[in-house]
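**Student:**
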Amino acid sequence: MMNSLELGKKVIKEKIPLIPKNPGVYKMLSSTGEILYIGKAKNIPNRLKSYVTESNLPIRTERMLSLTHNLETTTTSNESEALLLEANLIKKHKPRYNILLRDDKSFPYIYIGNKDKWPQLTKLRGKKSKTGYYFGPFASIGSANWTIKILQKIFLLRVCDDTVFKNRERPCILYQIKRCSAPCVGHINEKDYESTVADAIDFISGKSRRIQKNLSKEMEKASKELDYEKAAVARDRIKALTQIQTSQKINQTNLTEADVISIYKETGKTCVQVFFFRSKQNWGNQAFYPKHDPDDSVEDIISSFISQFYENKTIPRLILTNCEVKDKKLIEKTFSDKDKKDITIKLAKSKNEISISSLAEKNAKQSLKQKLIQSDTNNNLIEELASKFKINNNIDLIEVYDNSHIQGSDSVGSLICFSNEGFVKKRYRKFNIKDEKVKNDDYGMMKEVLFRRFSKAIKEKSGSLSLPDLIMIDGGKGQYSVSREVLNELGLHDLPILAVAKGKKRNAGEEKIYHESKEYILEKNDPLLFFIQRLRDEAHRFAISTHRAKRKKNLSKSLLDQIQGIGRQRKRALLNHFGSARAVESASFDDLKSVEGIEDNIAKKIYDYFHE
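Take 73 as the starting number for the sequence shown in the numbering used here and just add one per residue.
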C-alpha cells in the first residue's frame, strides 16, 4: 500500500503527459480543494517532473506532496505572463506552502488636481482614478501628512474639500496661522494661486533651488518696498523649505526614482525593509515580515517578495537590493513590459549604494529583533494564560468579542484577534445587529454575533475565518452562559471561553474572570491581568470606533437620500448649488429648476416632497 507521499507523486506523474509544454502556473490541491502551493514554470511538465524524480526533496516539499490529491494548471503565452499570474494568485489565495507577503497594502500619494480652478492639496490611496499630479508613494500616512503640512507652510495651498471651499464666507484658521492663502474668499487671485501650484509641483518633483531663489528675491523686494509683512511671509516660507530639505536629506546616492529593498533573516524569520526615494528625496520606509519556511533562502524570499509587492503598485525605474534576486532578468523584463519603461533590479555595489543599502539592512535587523522579542513575550503570556485557566488546547489565535450601542440604536458587535505576533488586524470583523428585538439586549446581541460568526465557519462558507483556539467575551456570568450555549448548539463544545467582567465601580484591576464553573480574580500587578486588560480594551476600542462610524454615517444621511430619483450626481449638484439639504428644503420650484442637471419633473418631485 502506497504512503501519502507516493500517492501525491502518483497524482503529479499521471497529470504530466496531459499538460502542454508551455509556460504557465500550476496549483497543488488537497483532498478538500484547498490550494497548497502555486508555482510558475517556463515549461510546466519539466518543472513538475522534478517533484517526482528528485530523491532528496526538502522536508517542506515532501509534506506538501503528502497532502496533494489534485493538480491544476493554467498555460500562458510567455514566462512573464506566468510570473504576473503567479503573484496575483498567491496574493489572492495565500497558499500555506508559498512564501507570502503579509500586511500588504496600497501606499498613500500626495495629489494635486489639474482641472480645478483652485486645486486642492490632498492625499489619496488606491486607484489613481482622478486626473492630476500624483507624488509618492509615501511609506505611511504620517509621512504623507507631514509633507502636506510643510507644503502648506511653503505654498499656502488649500486642503479643504470642495463643499467647504464653496460655502465659506470668511477665511478659516489656516489662513490666520499662515498655512493657506484663502482663495475661498478671494484673498489671492487666480493667476497667483496658479503660480504657487506650479511651484509646489516643481518642488515636490525635486526642483527646489529655483523656488528658493525666487522666494529670496521676493523677500528682498518686499523689504526694499517696506512691505515687511510680505517679507516676513516669504522668510517663513524659506524656513519651511529649508526644514523639509534638511529632514528629507536629499541623498548623496542621487536616487531620483528608486526603492531600496534590504532583507535580514535570523532564526528562520525574516524582515524586509523598503526605503522609498523619489525626486532625490527620502519619502519614508516600511518593514515587512514575509511568511515562509525556515529553510527558504534569502534569494528565494526576496524574489517572491518583489514579485508580490509590485503586483498592484507603480514600479520605480531602479530597485536596489542587498542580495542577489532569483529570476532577476525575468522579473526585470516582466516589470518593464508591464509599466512600459526600463526597470532595473541591481545589487548595491558602489560606495554610496552600499551605504544606503546597509542602512536599510540595519533597519531590517532592528525591526526583526524587536518583532522576535515581542513574539517571545506574547508566547509566554499565551502559555501562562493556558496554564492559569487549565486550557489544554494549544493556543495560537485568540478572538475577543464586544458590543456597542446607545439605547439600542446603531447596535454593532465587534471581533478582534490576537496571535503570538500581536493583534491580527486583517481578522478584525464588525457585525451590524440585524434582529430588532435584541438591539438593546447585550445577551441577545452576543448570541447573534457568535451564531453568525461560527455557523458560517462550520459550514465553510467562502470568506469565513478559520476557528480560533480561545474566545474571550467582555462580560460576566450571563455573557459566559449565552456564549457557551451558542457554541454548544453549533457543536463547538471543546472551544474554550473566558468572560472578563469589570470590577465594582468598573475599576480596572478588579476584574473577575469566568471559565467553565469557576471564578478567578488576579492580583492587580499580575502581568497576565495586564495582558487580558489589553485584549479587552482593544476589543472595546474597536467596538466603540465601529459604533461611532455607523452613528456618524446615519447622522450624515441627507434628507435628499429619502427622495426617489435623487442619485449621487443630482444630490451633489443640489448641495453645491444651495450649500445644504435645509437650503434645498426651503428653495422655490423655480430655484430648483435652475440647478444644472435638475429637470422640471425632478424639481417638482423635490418641491412636492418638502411642501406636501
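Using N, Cα and C, we set each Cβ at its ideal position, and we do this for glycine too. Just so we're clear, the structure is a prediction, and the values are computed from it rather than from any experiment.
How big is the Cα-Cα spacing for ASN286 and LYS352?
**Tutor:** Numbered from 1 along the sequence shown, position 214 holds the residue referred to as residue 286. Numbered from 1 along the sequence shown, position 280 holds the residue referred to as residue 352. Those two C-alpha atoms are separated by around 21 angstroms.
**Student:** If you compare alpha carbons, which of TYR98, PRO130, THR140 and THR125 is closest to THR104?
**Tutor:** To locate residue 104, count along the sequence shown from 1; it is residue 32. THR140 is the residue among TYR98, PRO130, THR140 and THR125 whose C-alpha sits nearest the C-alpha of THR104.
**Student:** Does DSSP put TYR247 in a helix, a strand or coil?
**Tutor:** Sequence index remark: in the sequence shown, residue 247 carries index 175 (1-based). It is helical.
**Student:** Quick one: measure Cβ to Cβ for PRO540 and ILE470, integer angstroms, because I've assumed they're closer than 8 angstroms.
**Tutor:** By 1-based counting over the sequence shown, the position of residue 540 is 468. By 1-based counting over the sequence shown, the position of residue 470 is 398. Here PRO540 really is in contact with ILE470; their C-beta atoms are around 6 angstroms apart, less than 8 angstroms.
**Student:** Go ahead and pull the three-state DSSP assignment for ASP680.
**Tutor:** As a position in the sequence shown, residue 680 is number 608, starting the count at 1. If DSSP states are grouped into helix, strand and coil, ASP680 belongs with the helices.
**Student:** List the residues that DSSP assigns as beta-bridge partners of LYS93.
**Tutor:** The sequence position of residue 93 within the sequence shown is 21, counting from 1. In DSSP, LYS93 forms no bridge with anything.
**Student:** Using the three-state DSSP reduction, which class does CYS256 fall into: helix, strand or coil?
**Tutor:** Here the question's residue 256 lines up with position 184 in the sequence shown. Three-state result, CYS256: helix.
**Student:** Out of GLN438, SER439, SER491 and LYS410, point me to the one whose CA is closest to THR449's CA.
**Tutor:** Taking the first residue of the sequence shown as 1, we reach residue 449 at position 377. The option with the nearest alpha carbon to THR449 is SER491.
**Student:** Our contact map puts ILE260 next to ALA254 with C-beta atoms below 8 angstroms; I'd like the distance itself, whole angstroms only.
**Tutor:** Translated into positions along the sequence shown, residue 260 becomes position 188. Translated into positions along the sequence shown, residue 254 becomes position 182. Confirmed, Cβ separation roughly 7 angstroms.
**Student:** Please report the Cβ distance between ASN384 and ILE335, rounded to the nearest whole angstrom; I am assuming they are in contact, meaning their Cβ atoms lie under 8 angstroms.
**Tutor:** Walking along the sequence shown from the start, residue 384 turns up at place 312. Walking along the sequence shown from the start, residue 335 turns up at place 263. 21 angstroms between Cβ atoms; not a contact.
**Student:** Helix, strand or coil: which one does DSSP assign to ALA420?
**Tutor:** Here the question's residue 420 lines up with position 348 in the sequence shown. Taken through DSSP and simplified to helix, strand or coil, ALA420 comes out as coil.
**Student:** Taking C-alpha atoms, which residue in PHE179, LYS187 and VAL344 lies nearest to LEU196?
**Tutor:** Taking the sequence shown and counting its residues from 1, one reaches residue 196 at position 124. Cα-wise, what sits closest to LEU196 is PHE179.
**Student:** Apart from the five residues just before and just after GLY669, which ones in its own chain have a Cβ nearer than 8 angstroms to its Cβ?
**Tutor:** On the sequence shown, position 597 is the one that residue 669 refers to. Hits under 8 angstroms: GLN641, ARG642 and ALA645.
**Student:** Going by CA-CA distance only, name the one from LEU487, VAL554 and LYS497 that's closest to LYS717.
**Tutor:** No information on residue 717 is available, as it lies outside the stretch 73 to 684 that the chain covers here.
**Student:** Can you tell which of VAL572, ILE530 and PHE348 has the C-alpha that lies nearest to the C-alpha of HIS565?
**Tutor:** For this step, residue 565 is matched to residue 493 along the sequence shown. Between HIS565 and the set VAL572, ILE530 and PHE348, the nearest pair of CA atoms involves ILE530.
**Student:** Closer than 8 angstroms by C-beta to ILE131: which residues in its own chain qualify, once you throw out the five before and the five after it? Chain order, please.
**Tutor:** By 1-based counting over the sequence shown, the position of residue 131 is 59. Once the five neighbours on either side are set aside, the close Cβ partners of ILE131 are ASP367.
**Student:** Quick one: is ILE593 buried, meaning 16 or more other Cβ sit within 10 Å of its Cβ, or exposed?
**Tutor:** Residue numbering aside, residue 593 sits at position 521 when the sequence shown is read from its first letter. Exposed, since its Cβ has fewer than 16 Cβ neighbours within 10 Å.
**Student:** In whole angstroms, what is the alpha-carbon distance linking LYS321 and LYS279?
**Tutor:** Translated into positions along the sequence shown, residue 321 becomes position 249. Translated into positions along the sequence shown, residue 279 becomes position 207. With a pLDDT of 49 at LYS321, under the threshold of 50, the modelled position of this residue cannot be trusted; read the value that follows with caution. So the alpha carbons of these two residues sit roughly 14 angstroms apart.
**Student:** From GLY356 to ASN326, what does the alpha carbon distance come to, in whole angstroms?
**Tutor:** Along the sequence shown, one-based indexing puts residue 356 at 284. Along the sequence shown, one-based indexing puts residue 326 at 254. Approximately 16 angstroms, taken between the alpha carbons.
**Student:** Quick check: the Cα distance between LYS87 and ASP399, rounded to an integer number of angstroms?
**Tutor:** Locating residue 87 in the sequence shown gives position 15, counting from the first residue. Locating residue 399 in the sequence shown gives position 327, counting from the first residue. Looking at the two C-alpha atoms, the distance is approximately 26 angstroms.
**Student:** Where do the ends of the beta strand (DSSP E) carrying PHE503 lie?
**Tutor:** Start at 1 with the first residue of the sequence shown, and residue 503 comes out as number 431. Run containing PHE503: 501-504, per the beta strand (DSSP E) assignment.
**Student:** Label ALA270 either buried or exposed according to how many other C-beta atoms from any shown protein chain fall within 10 Å of its C-beta, with 16 as the threshold for buried.
**Tutor:** Here residue 270 corresponds to residue number 198 of the sequence shown, with the count starting at 1. Classification of ALA270: exposed, given that the 10 Å Cβ count is below 16.
**Student:** Could you say which of VAL370, LYS401 and GLU591 lies nearest to LYS462 if we only look at CA atoms?
**Tutor:** Locating residue 462 in the sequence shown gives position 390, where the first residue counts as 1. When only C-alpha atoms are compared, the closest one is GLU591.
**Student:** Starting from the Cα of ILE387, find the closest Cα among SER376, ASP414 and ASP365 and give me that residue.
**Tutor:** Within the sequence shown, numbered from 1, the residue matching residue 387 stands at position 315. With distances taken between Cα atoms, ILE387 lies closest to ASP414.
**Student:** Relative to the alpha-carbon of ASP513, which residue among GLU532, CYS489 and GLN551 has its alpha-carbon at the smallest distance?
**Tutor:** Here residue 513 refers to the residue found at position 441 of the sequence shown. Closest by alpha carbon: GLN551.
**Student:** Closest to GLU396 by C-alpha separation, out of PRO209, ARG307 and SER376, would be which residue?
**Tutor:** For the purposes of this step, residue 396 is taken as the residue at position 324 of the sequence shown. When each option's Cα is compared against that of GLU396, the closest is SER376.
**Student:** Is the beta carbon of ASP365 closer than 8 angstroms to that of VAL346?
**Tutor:** Counting from one through the sequence shown, the residue named residue 346 turns up at place 274. Counting from one through the sequence shown, the residue named residue 365 turns up at place 293. Contact: no.
**Student:** Expressed to the nearest angstrom, what Euclidean distance is found between the alpha-carbon atoms of GLY214 and ASP609?
**Tutor:** In the sequence shown, counting from the first residue as 1, residue 214 sits at position 142. In the sequence shown, counting from the first residue as 1, residue 609 sits at position 537. So the alpha carbons of these two residues sit roughly 24 angstroms apart.
**Student:** With a threshold of 8 angstroms on Cβ separation, who are the neighbours of THR235 within its own chain once the five nearest residues in sequence on each side are excluded?
**Tutor:** Taking the sequence shown and counting its residues from 1, one reaches residue 235 at position 163. Closer than 8 angstroms at the Cβ level, and outside the excluded window around THR235, lie LEU647 and ASN648.
**Student:** With 16 as the cutoff for other CB atoms within 10 Å, does GLU671 come out buried or exposed?
**Tutor:** Translated into the one-based positions of the sequence shown, residue 671 becomes position 599. Flag for GLU671 reads exposed.
**Student:** Quick check on the DSSP output: the beta strand (DSSP E) that includes TYR109 runs from which residue to which?
**Tutor:** Translated into positions along the sequence shown, residue 109 becomes position 37. Residues 107-113.
**Student:** Classify ASN753 as helix, strand or coil using the three-state DSSP reduction.
**Tutor:** Here the chain has residues from 73 to 684 only, and residue 753 is not among them.
**Student:** Can we say the stretch 438-453 touches the stretch 404-413, given the rule of at least three CB pairs closer than 8 angstroms?
**Tutor:** no
**Student:** Write down every uninterrupted run of the alpha helix (DSSP H) in the stretch 527-595 whose length is 4 residues or greater and which is fully enclosed by it, in chain order.
**Tutor:** 549-561
**Student:** Give the C-beta separation of LEU77 and GLU126 to the nearest angstrom, bearing in mind that I take them to be a contact with Cβ-Cβ under 8 angstroms.
**Tutor:** Residue 77 sits at position 5 when you count from the first residue of the sequence shown. Residue 126 sits at position 54 when you count from the first residue of the sequence shown. Actually they do not touch by this definition, with Cβ atoms about 13 angstroms apart.
**Student:** I'd like the span of the beta strand (DSSP E) that includes ALA645, first residue to last.
**Tutor:** Residue 645 sits at position 573 when you count from the first residue of the sequence shown. Where ALA645 is concerned, there is no enclosing beta strand (DSSP E), although the alpha helix (DSSP H) it sits in stretches over 640-650.
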